[in-house]
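S.K.: Numbering (our numbering), first residue to last: 31 to 217.
Could you have a look at this structure, given as structure tokens, before my questions?
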């Protein structure tokens, strides 16, 4: 059985997280911790039984066995679907079924809530979270720093404008850098 989780721009990060989980549970080293916990629990039951006239509570043994055999031992593949950057979508194998199922359920509910709210509260053709991701504003800021003047004429005009108009007016104190940065009309 395979499970799927949805993310909006975090596919690469989730792939690394679930690969780490798969590595931890991929070898049998974690069984030492489970066996130690079971042994301590068994000793606790024996001590309790000694003080309760031989009454042994076996519910904990059944619970530990059930959790281990249904949620930790079975492994499954987890499909990570990145809706913003599809290249970061991935499949991670050997993830414990309990972790995969829990992540898939919460992810599906979160995806449904996100899509429902966007459908109801967003205007048509508005940029949505499901297509732009969490850091859309940061992406805009980063892209604005990469702005390039593509024509020689525009470069010359801007250079001449700064040399002839703006630079000397600022030096003469006719207006400040703050006024230049905050104005909506540079002419």
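Don't be surprised by glycine CBs; every beta carbon is placed ideally from N, CA and C.
Just tell me which of 160, 136, 118, 39 has its CA closest to the CA of residue 144.
M.R.: 160
S.K.: Check each candidate in 211, 141, 127, 83 and name the one with the smallest Cα separation from residue 111.
M.R.: Residue 141 is the option with its Cα nearest to residue 111.
S.K.: With contact counted as at least three CB pairs below 8 Å, one residue from each stretch, are the stretch 202-214 and the stretch 180-191 in contact?
M.R.: They do not touch, by the three-pair rule.
S.K.: Closest to residue 44 by CA distance: which of 133, 87, 183 is it?
M.R.: 133
S.K.: Going by C-alpha to C-alpha distance, which of 138, 195, 180, 119 sits closest to residue 40?
M.R.: For the residues 138, 195, 180, 119, the minimum Cα distance to residue 40 belongs to 119.
S.K.: Just how far apart, CA to CA, sit residue 172 and residue 178?
M.R.: Residue 172 and residue 178 have their C-alpha atoms spaced approximately 13 Å apart.
S.K.: Considering only DSSP beta bridges, list what residue 36 is partnered with.
M.R.: 111
S.K.: Does the contact criterion of 3 or more C-beta pairs under 8 Å hold for the stretch 77-86 versus the stretch 100-114?
M.R.: no
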